[in-house]
Amino acid sequence: MAAAAATTPPPDGDADTLAPREQQVLELLVKGYSYKDVSKELGISTSTVGTYVQRIYDKLHVSSRREIMERSANRPDRDNPTGR
Numbered sequence: 027m028a029a030a031a032a033t034t035p036p037p038d039g040d041a042d043t044l045a046p047r048e049q050q051v052l053e054l055l056v057k058g059y060s061y062k063d064v065s066k067e068l069g070i071s072t073s074t075v076g077t078y079v080q081r082i083y084d085k086l087h088v089s090s091r092r093e094i095m096e097r098s099a100n101r102p103d104r105d106n107p108t109g110r
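Mapped onto the numbering used here, the consecutive letters of the sequence shown carry residue numbers 27 to 110.
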């Protein structure tokens with residue numbers, strides 16, 4: 027399966043803190059993909075998606091997808107959340 031073409035740096039975080047695959051998972055979650063859809067898109071199991079999501083939450087100091095979505099929505103430029 028094809029991976030996401032471009033990745034978006036984490037909302038309210040340094041892009042360097044997430045591994046490339048974590049960035050891909052984050053990008054898809056922000057777009058509204060379910061764990062199942064992410065697993066199909068990236069060719070990984072849903073349990074692996076869950077592992078990546080937990081790592082993302084830990085690194086970004088959030089506890090839910092809602093927090094990630096709120097941070098992304100509050101950015102002035104959704105296509106470039108870090109302003110770089």
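Every residue, glycine too, gets a C-beta built ideally from N, C-alpha and C. All values derive from a computational prediction rather than experimental measurement.
Note that the C-beta distance between residue 51 and residue 88 is not below 8 Å.
Straight across, the Cα-Cα distance linking residue 72 with residue 60 is about 9 Å.
Secondary structure note for residue 74: its alpha helix (DSSP H) is the uninterrupted segment 72-86.
Residue state for residue 89 is assigned as coil, using DSSP reduced to three classes. Contact between residue 44 and residue 85 holds: CB atoms are separated by about 6 Å, below the 8 Å threshold. Measuring C-alpha to C-alpha distances from residue 47 to each of 68, 56, 91 and 58 identifies 68 as the nearest.
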